[in-house]
Amino acid sequence: SRIRITPFELVFIALSLALSFWLMDNRLLVAYDAPGDPLLVSAETWGDTALHTALSRSFAEGTNYPTEYPFFANESIRYHFGYDFFAGALQKGGLSVALSFNLPGALGFTAMMALLFSVGRMLFATAGDERKPWWRIRSVWIGLISVAVLITNQSLEWLRWFNPSEPSRRAQYD
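In C-alpha cells form, the structure reads like this:
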C-alpha cells in the first residue's frame, strides 16, 4: 500500500510539533539573560527534575558506569534509564541540558498526537472519504477530538482559566 500524507496532515503535524515544543520549553528552559544561565523549571514539573538532570549530566560526563543515582550512593537506577541516558548522550553531543530533555519530549509528544489522530481516522474511516474535503470527513473529526482530549485534562474544566469573572490560578500570574 502507498503512504500518502495530505496537506491537512502536514499542517496537523506541524501544529502538533509547535505545540509540543512550546509546552516543553515552558516546562524546562535556560534563562540566558540571567547571570550564570540558570536552568528554570516550571512549578507544575515534578520534583525529581534535579535528580534526572544530575543523572543525565553524569552520563554526559561518562562517569556513571555501572549506573547509579548520583544523589544516593550504591543505589541502582529503577526508572527512566533510557530517557536519562539519551538526554546525557545529547548533552555529550553538544546540546544544552534543557534542549536535551525538551527535544525528545517534544518529538515523543508529537508522535503520540499523530498516532492517536491516525488511529481515530483508521478506526472510523468510511468508503468515499478520499473524495470529500477534510472538514466533511467524520474520521478526521474523531481524530481531532481524541487529540484534544489528550492535550487537555480530559474535562472542560480548563475553560475556567479564560473566565475573567471567576477567581482562578490565572489571577496569581496577572
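Just so you know, the sequence shown maps onto residues 33 to 206 in my numbering. C-beta: ideal position from N, C-alpha, C; glycine also.
Closest option to V43, judged by alpha-carbon separation, among G160, T158, G152, T142: T142.
With contact defined as three or more Cβ pairs closer than 8 Å, the segment 151 to 168 and the segment 115 to 126 are not in contact.
The Cβ-Cβ distance between N134 and L60 falls below 8 Å. A residue is called buried once 16 or more other Cβ atoms fall within 10 Å of its Cβ, and F149 is buried on that count. Counting C-beta atoms within 10 angstroms of its own C-beta, A92 has 16 or more neighbours from the protein chains shown and is therefore classed as buried. In this structure, A75 sits away from D69, with a CB-CB distance that is not shorter than 8 Å. Excluding sequence positions up to five before and after A146, its CB lies within less than 8 Å of the CB of F44, I45, S48, all in the same chain and listed in chain order.
Sequence-distant Cβ neighbours of V172 in its own chain, meaning closer than 7 Å and more than five residues away, are R153, W166.
R110 and T99 have their C-alpha atoms roughly 10 Å apart. When only Cα atoms are considered, P196 and S187 end up about 19 Å apart.
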